[in-house]
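A.B. asks:
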Amino acid sequence: MLLDFQRLGWWKYALLAISLLTAAFLLLPILFIAALSFGSSQWLIFPPPGWTLKWYADFFADPRWLQSAWTSFQIAAIVTVLSVLLGLVTSFGLVRGKFLFRETLRALFLTPMILPVVVLAVGLYAFFLQIGLNGTMLGFVIAHLVLALPFSILSIGKALEGFDKSIEDAAVLCGASPLEAKIRVTLPAISHGLFSAAIFSFLTSWDEVVVAIFMSSPTLQTLPVKVWATLRQDLTPVVAAASTLLILLTVILMALFALVRKGLKS
Amino acid sequence: MTEPFLQIQGIRKAYGPVVAVENVDLQVRRGEFLTFLGPSGSGKSTTLYILAGFEDPTAGNILLDGRSLLSIPSHKRNIGMVFQRYTLFPHLSVGENIAFPLKVRRLPKAEVDAKVKEMLRLVRLEGFEDRRPAQMSGGQQQRVALARALAYDPPLLLMDEPLSALDKKLREEIQYEIRRIHQQTEVTILYVTHDQEEALRLSDRIAVFSKGIIDQIGTGPELYSNPQTRFVAEFIGDSDFLPCKVLSASDGHATISLGDGRALDRIPLHGFASAGGKAALMLRPERLRLARISGENAGIAATVSDITFLGNNIHVSTTTDDGALVSVRLPFGHEAIAGLNRGDRVQLTFDAGSAHVFC
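In order, the protein sequences belong to chains A and B.
Here the numbering used here is used: the first residue of the first sequence is 1452, the next is one more, and so on.
Here the numbering used here is used: the first residue of the second sequence is 80, the next is one more, and so on.
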């Protein structure tokens, strides 16, 4: 190999130092927040003068925090289901279909990924004002679905491209109807793609804040919106506790993702 | 005469202006092993896919046991198929793969289990039912695919180059397995391959495909000894062609003259000959005799350009005085080869009946 790690000499250590610095740069703010959430200072002093679980107790004692977390979870769960289902049928069309402008259509489906989120949020806000969807669960779900669907289409489409259609054909010749063959053979074979789609869809909705701020109303708020609003009104370490819980769920989901993916591969 | 088991009648398949298959007519007996042989793009796989129901023909009909297949969807045709690529269901074990068509047909569990056992025995993979496809070699996977395709006792089995992904030695091994299984089950098999040796080894009859049409149908020996077109002659067995001129033709035979002006009489003729027209004389390397020129030359004069030892055969490449390349194959130790060297002058002779003229 041109760049053999073993033959880099002292560059090896430089590389190691750069990697460690990058990792620290990425991870330290998160660790910082987690540390503050256990700190006893109400003014978020660092290093914390003492340790406490008070902010977590406050979080769980406040129905507004719990309500927003529950709202977030509901929206993310519905978005996940819809995103995987829509992503599945869209991927079948984009991968198996033979029609004009297929690649253009594929690019179109992926535009929410590259479009500035705030532009999308303003557009959705203006549109939903017209049809009265602002501040509703449905509005939230549709808005987050727009953001999540590209991830589903990417991961399911990739899994479907890697799946040899002859296998499905074999199932059909074995006597399974085309639909039965898809359900009993194709779906299990691309389950890793479905699973990635589900995880990424959930996370896209779960920690989304920009679109959510536009969609929310005083009575309907997601957890990230609540964090943001609380930060602006009164700076309390409960925000750090809420953020840490958000991160924790994300980490758990990613770990689960890695585990299941490993299981599905073997 | 009873009606043939499978009748393919005037099948044509066109994709827009591109014709993939043109006017394919075939009759297959029950229990026959028929191979579609031809290069890629010759329409053999398309014909097979039309039989499977994955493609609809533009024109023509297919009758199985007197009933048209065309209006029946693939999953109700009850046809078995082994594909070129590995198509075992990756998330199911070997046993579950073989059981799949039976479970789809909602057979009782005891019957399914018994059939899976029987099929594993048929392809000699007893004890493999709990393996995953990914844990098996390509040859084993194709044998499981064969077991799965035969599990529901289909009257017709389609095989689309099932061995092309395997190496040569394994391929031969599984060819014998397929032959044995064919004899044991008496299932009618349509087999697609581009490998003439495979076709000759397996088939009762071979249909040679070229550019979307069937050039000739016959047993291996028929195609070898009496090819109807130059394409068939080139595809079945080895052959060399010499340019020649037709002097006269009658009764399926021709009198021709070669470049050196000498005339050859009563050579089997194919195609429309006109007196004085250009044609090609086909010679088989194993049907040629070779001798050193001593005194008068009684055959085609040539110069030895190379001698290759091929185990039980010696391959002698020669160049005729007209510049055409002609190969001669002789058994190892043949007297004509003793002391033969590159650059030696030789004469090539043959029986008129072993050569063919194509116009």
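Positions of the beta carbon are idealized from the N, C-alpha and C atoms, including for glycine.
All of these numbers come straight from a predicted model, not from anything done at the bench.
Classify asparagine 102/B as helix, strand or coil using the three-state DSSP reduction.
C.D. replies: Numbered from its first residue, the second sequence carries residue 102/B at position 23. Asparagine 102/B: strand per DSSP, three-state reduction.
A.B. asks: Residues of chain A with a CB under 7 Å from the CB of alanine 431/B: which are they?
C.D. replies: The residue given as residue 431/B occupies position 352 in the second sequence. By Cβ distance, chain A contributes nothing, its closest Cβ being about 49 Å from alanine 431/B, past 7 Å.
A.B. asks: According to DSSP, serine 147/B sits in a beta bridge with which residue or residues?
C.D. replies: Here the question's residue 147/B lines up with position 68 in the second sequence. DSSP lists Leu142/B as partners of serine 147/B.
A.B. asks: Once the 5 residues before and after aspartate 317/B are set aside, which same chain residues still bring their CB inside 8 Å of it?
C.D. replies: The residue you call residue 317/B lines up with position 238 of the second sequence. If we look at aspartate 317/B and ignore the five residues flanking it on each side, its Cβ neighbours are Arg363, Pro364, Glu365, Ser406 and Arg408.
A.B. asks: Compare the C-beta of proline 96/B with all C-beta atoms of chain A and state if any pair is closer than 7 Å.
C.D. replies: Along the second sequence, one-based indexing puts residue 96/B at 17. Taking Cβ atoms only, chain A never reaches closer than 7 Å to proline 96/B, which makes this a no.
A.B. asks: For chain A, find out if any of its Cβ atoms is closer than 7 Å to the Cβ of phenylalanine 162/B; answer yes or no.
C.D. replies: Taking the first residue of the second sequence as 1, we reach residue 162/B at position 83. With 7 Å as the cut-off, phenylalanine 162/B counts as an interface residue toward chain A.
A.B. asks: If you run the structure through DSSP and keep just helix, strand and coil, what is methionine 215/B?
C.D. replies: In the second sequence, counting from the first residue as 1, residue 215/B sits at position 136. In the structure shown, methionine 215/B sits in coil (DSSP, three-state: anything other than H, G, I, E or B).
A.B. asks: Does any C-beta atom of chain A lie closer than 7 Å to the C-beta of phenylalanine 179/B?
C.D. replies: What you label residue 179/B is simply residue 100 of the second sequence in a count that begins at 1. Output row for phenylalanine 179/B: interface = yes.
A.B. asks: Is the beta carbon of glutamine 106/B sitting closer than 7 Å to the one on proline 83/B?
C.D. replies: Within the second sequence, residue 106/B is the residue found at index 27, counting from 1. Within the second sequence, residue 83/B is the residue found at index 4, counting from 1. A contact, by the Cβ cut-off of 7 Å.
A.B. asks: Based on DSSP bridge pairs, tell me the residues matched to lysine 357/B.
C.D. replies: Mapped onto the second sequence, residue 357/B falls at position 278. BP columns for lysine 357/B point to Lys324/B.
A.B. asks: Residues of chain A with CB under 9 Å from arginine 227/B, in chain order?
C.D. replies: As a first step, residue 227/B must be located in the second sequence, where it is residue number 148. Neighbours of arginine 227/B on chain A, chain order: Ala1621 and Cys1625.
A.B. asks: Where do the N-terminal and C-terminal ends of the beta strand (DSSP E) with aspartate 239/B fall, by residue?
C.D. replies: By 1-based counting over the second sequence, the position of residue 239/B is 160. Per DSSP, aspartate 239/B belongs to the beta strand (DSSP E) from 235-239.
A.B. asks: Beta-carbon within less than 6 Å of alanine 403/B's beta-carbon, same chain only, minus the 5 sequence neighbours each way: which residues are those?
C.D. replies: For the purposes of this step, residue 403/B is identified with residue 324 of the second sequence, where counting begins at 1. Contacts found: Leu321.
A.B. asks: For arginine 227/B, does the count of other Cβ atoms within 10 angstroms reach 16, so buried, or fall short, so exposed?
C.D. replies: Residue numbering aside, residue 227/B sits at position 148 when the second sequence is read from its first letter. Buried: at least 16 other Cβ atoms inside 10 Å.
A.B. asks: Return the chain-ordered list of same chain residues with a C-beta closer than 7 Å to the C-beta of phenylalanine 429/B, the five sequence neighbours on each side being excluded.
C.D. replies: Position 350 of the second sequence, counted from the start, is the residue given in the question as residue 429/B. Excluding sequence neighbours, phenylalanine 429/B sits near Leu362, Arg366, Leu367 and Arg368.
A.B. asks: Contact defined as beta carbons within less than 8 Å: I believe leucine 360/B pairs with alanine 342/B. What is the distance between those atoms, to the nearest angstrom?
C.D. replies: For this step, residue 360/B is matched to residue 281 along the second sequence. For this step, residue 342/B is matched to residue 263 along the second sequence. Contact doesn't hold; Cβ gap of about 12 Å is too wide.
A.B. asks: Counting only beta-carbon separations shorter than 7 Å, does alanine 1640/A have a partner in chain B?
C.D. replies: The sequence position of residue 1640/A within the first sequence is 189, counting from 1. Yes, because at least one Cβ of chain B sits closer than 7 Å to the Cβ of alanine 1640/A.
A.B. asks: Taking Cβ-Cβ distances below 8 Å as the criterion, which residues of the stretch 98-131 of chain B are in contact with chain A?
C.D. replies: For the stretch 98-131 of chain B, which is checked against every Cβ of chain A, the residues closer than 8 Å are Ala131.
A.B. asks: From which residue to which residue does the alpha helix (DSSP H) around lysine 1616/A run?
C.D. replies: Here residue 1616/A refers to the residue found at position 165 when the first sequence is read from its first residue. Note, lysine 1616/A: alpha helix (DSSP H), 1616-1624.
A.B. asks: At the 7 Å Cβ level, is arginine 184/B part of the contact set with chain A, yes or no?
C.D. replies: Position 105 of the second sequence, counting from 1, holds the residue named residue 184/B. By this cut-off, arginine 184/B is an interface position.
A.B. asks: Mind checking serine 1470/A: buried by the 16 CB within 10 Å criterion, or exposed?
C.D. replies: Position 19 of the first sequence, counted from the first residue, corresponds to residue 1470/A. Classification of serine 1470/A: exposed, given that the 10 Å Cβ count is below 16.
A.B. asks: Counting only Cβ pairs nearer than 8 Å, list the residues of chain A close to isoleucine 158/B.
C.D. replies: Locating residue 158/B in the second sequence gives position 79, where the first residue counts as 1. Within 8 Å Cβ-Cβ: Leu1624.
A.B. asks: Assuming methionine 1666/A and alanine 1599/A are in contact, meaning their beta carbons sit under 8 Å apart, how far apart are those beta carbons, in whole angstroms?
C.D. replies: As a first step, residue 1666/A must be located in the first sequence, where it is residue number 215. As a first step, residue 1599/A must be located in the first sequence, where it is residue number 148. In fact, because the Cβ distance is near 14 Å, the residues do not count as touching under 8 Å.
A.B. asks: Looking only at its chain, what residues have a beta carbon closer than 7 Å to the beta carbon of serine 172/B, apart from the 5 residues adjacent to it on each side?
C.D. replies: In the second sequence, counting from the first residue as 1, residue 172/B sits at position 93. So the qualifying residues of the chain are Glu208, Asp209, Arg210 and Arg211.
A.B. asks: By how many angstroms is the C-alpha of threonine 1541/A removed from the C-alpha of phenylalanine 1578/A?
C.D. replies: As a first step, residue 1578/A must be located in the first sequence, where it is residue number 127. As a first step, residue 1541/A must be located in the first sequence, where it is residue number 90. Approximately 24 Å between the Cα atoms of the pair.
A.B. asks: Alpha carbon to alpha carbon, what distance is there between leucine 1671/A and leucine 1699/A?
C.D. replies: As a working note, residue 1699/A is residue 248 in the first sequence. As a working note, residue 1671/A is residue 220 in the first sequence. Computed Cα separation, rounded: 23 Å.
A.B. asks: CB-CB under 7 Å to glutamate 205/B, same chain, minus the five flanking residues each way: which ones, in chain order?
C.D. replies: Counting from 1 along the second sequence, the entry for residue 205/B is found at position 126. Taken in chain order, the residues that qualify are Leu199.
A.B. asks: Please report the straight-line C-alpha distance between leucine 1545/A and glutamate 1554/A, rounded to a whole angstrom.
C.D. replies: The residue you call residue 1545/A lines up with position 94 of the first sequence. The residue you call residue 1554/A lines up with position 103 of the first sequence. Whole-angstrom Cα-Cα distance: 8 Å.
A.B. asks: Are the Cβ atoms of serine 1534/A and serine 1603/A separated by less than 7 Å?
C.D. replies: On the first sequence, position 83 is the one that residue 1534/A refers to. On the first sequence, position 152 is the one that residue 1603/A refers to. Their beta carbons are under 7 Å apart, which means serine 1534/A touches serine 1603/A by this criterion.
A.B. asks: Determine the chain A residues that contact serine 170/B at a beta-carbon separation under 7 Å, and present them in chain order.
C.D. replies: Mapped onto the second sequence, residue 170/B falls at position 91. Checking the displayed sequence, the identity of residue 170/B turns out to be histidine instead of serine. The contacting residues are Pro1639 and Ala1640.
A.B. asks: I'd like to confirm the pairing. Which residues does DSSP put opposite glutamine 86/B in its beta bridges?
C.D. replies: To locate residue 86/B, count along the second sequence from 1; it is residue 7. Answer is Gln106/B and Leu142/B, bridged to glutamine 86/B.
A.B. asks: Can you check which of these residues, Val383/B, Arg424/B and Asp294/B, is closest to histidine 349/B by C-alpha distance?
C.D. replies: Within the second sequence, numbered from 1, the residue matching residue 349/B stands at position 270. Selected option, being the one with the closest Cα: Asp294/B.
A.B. asks: Are any of the Cβ atoms in chain A nearer than 7 Å to that of histidine 273/B?
C.D. replies: In the second sequence, the residue the question calls residue 273/B occupies position 194. No, no contact with chain A.
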